[in-house]
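Numbered as in the numbering used here, the sequence shown ends at 309 without a single skipped number.
This report concerns only the one structure given below.
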Amino acid sequence: KEEKEGMSNSERKDSFGKMIFGNNELCAQFLREYTNIEQLKNVQSADIEDISNRFTHMFAEEREADVIKKINIEADDMTFYLISLIEHKSNVDYNVVMQILRYMVFIWEDYEKKENGRTKGISKKKQFKYPPILPIIYYDGIVNWTSSLHLKERIYLSEIFGKYVPDFECMLIPLHKYSNQEIMEGKDELAVLLLLDKLSDISDFKKLAVEIPPEYFAQITENTSQNVMDIMISVMRVLLSKLKLPEDEIDSFVEKIKEEDNVGGWFEHFKEIDLPAERRKMREEVREEVREEVREEVREEIREEIRE
2 KEEKEGMSNS ERKDSFGKMI FGNNELCAQF LREYTNIEQL KNVQSADIED ISNRFTHMFA
62 EEREADVIKK INIEADDMTF YLISLIEHKS NVDYNVVMQI LRYMVFIWED YEKKENGRTK
122 GISKKKQFKY PPILPIIYYD GIVNWTSSLH LKERIYLSEI FGKYVPDFEC MLIPLHKYSN
182 QEIMEGKDEL AVLLLLDKLS DISDFKKLAV EIPPEYFAQI TENTSQNVMD IMISVMRVLL
242 SKLKLPEDEI DSFVEKIKEE DNVGGWFEHF KEIDLPAERR KMREEVREEV REEVREEVRE
302 EIREEIRE
């Protein structure tokens, strides 16, 4: 529905981020492959709980793609949990570290309130500690990320006040820095989605179809759950919308790929779409609309002259 009613580029990107990171299975794949943190190398979807709904009050409307995951980890005969805050950006944001700080404080306050509800006054005890939060920025823009990843660099005179200024570092995952071959090493559904997320124009689609054999996609998605497959189909719809294809063509394409058992055959169907022809068709339709508007204005002027 959203795509058909018209989505802005940022909304399409937000939709993409929400689809990927909102799914625990895909989120687990992302954490295992891209965080390089030992405690997350074996994290599974069953270890992850999405708690984003607890913090909707702090999400601005344009930031509803961000997700907060509670990750239960077994280590040294004890269970603790790590909060992963995944921030999705398609453009460089120079205030993102301050935005993330606000999120972190909200999360810790919520944790404190919850624990005090279980054991009154526990947060005032010496042994009480807050859970670690891993702030991740997933960036799928095409230009280099130039914003600071350290909070201290956003604070005036921080070099003078030194240790009295709070600081933390965000983990940046810049998609455009990863080659297709590097992404393909993941050999899972996330790899397929990230490869799709890198596509921005017709030439990218054609390059991907040539560079990566259909067998690669087929092997990965042979046993993919229907839930994740539906996400992939939704992502493909978003990408085709970015190419400004007519809605009837998008609908036709989506219906065809729904019939496939895996993603391997999608690009064969994609070859059936004559993108240049469709773009010429859309441009001609726009020109015709403009010409009709002009003709109507001329007719109205003539009618006005006759009435006078």
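Ideal placement from N, C-alpha and C gives every residue a C-beta, glycine not left out.
All of these numbers come straight from a predicted model, not from anything done at the bench.
Grab me the residues of residue i's own chain with a C-beta within less than 6 Å of its C-beta, minus the 5 sequence neighbours each way, in chain order.
| i | result |
| --- | --- |
| residue 22 | 28, 68 and 87 |
| residue 225 | 190 |
| residue 143 | 177 |
| residue 222 | 263 and 264 |
| residue 31 | 191 |
| residue 187 | 34 |
By alpha-carbon positions, which one of the options ends up nearest to residue i?
| i | options | result |
| --- | --- | --- |
| residue 93 | 187, 140 and 236 | 140 |
| residue 166 | 155, 172 and 20 | 155 |
| residue 113 | 90, 130 and 104 | 130 |
| residue 105 | 38, 259 and 137 | 137 |
| residue 265 | 143, 210 and 149 | 210 |
| residue 235 | 37, 133, 259 and 164 | 259 |
| residue 52 | 37, 24, 36 and 42 | 24 |
Cutting at 7 Å between CB atoms, please list the residues of its own chain near residue i, excluding the five before and the five after it.
| i | result |
| --- | --- |
| residue 212 | 181 |
| residue 146 | 93, 140, 173 and 175 |
| residue 102 | 152 |
| residue 148 | 93, 94, 95 and 97 |
| residue 109 | 131 |
| residue 134 | 84, 86, 105 and 108 |
Taking the straight line between their C-alpha atoms, what separation do you get for residue i and residue j?
| i | j | result |
| --- | --- | --- |
| residue 310 | residue 214 | The chain is shown only over 2 to 309; residue 310 falls outside these bounds and no answer can be derived. |
| residue 159 | residue 153 | 6 Å |
| residue 91 | residue 121 | 43 Å |
| residue 219 | residue 26 | 19 Å |
| residue 62 | residue 302 | Bear in mind that the predicted position of residue 62 carries a pLDDT of just 46, short of 50, making it unreliable; the figure below should be weighed with that in mind. The straight-line gap from Cα to Cα measures roughly 45 Å. |
| residue 100 | residue 230 | 33 Å |
| residue 198 | residue 126 | 47 Å |
| residue 50 | residue 71 | 5 Å |
| residue 162 | residue 170 | 18 Å |
| residue 201 | residue 40 | 34 Å |
| residue 228 | residue 237 | 15 Å |
| residue 157 | residue 207 | 48 Å |
| residue 194 | residue 296 | 47 Å |
Who are the Cβ neighbours of residue i in its own chain at under 8 Å, not counting the five residues just before and after it?
| i | result |
| --- | --- |
| residue 332 | Limits of the chain in this structure are 2 at one end and 309 at the other, which puts residue 332 out of reach. |
| residue 55 | 69 and 111 |
| residue 123 | 116, 117 and 129 |
| residue 45 | 29 |
Worksheet entry | Ordered list of alpha helix (DSSP H) runs contained in the stretch 102-141, each at least 4 residues | none
Worksheet item: For the stretch 242-269, which segments carrying the alpha helix (DSSP H) assignment without a break, of at least 4 residues, lie completely within its bounds, in sequence order?
Response: 248-259
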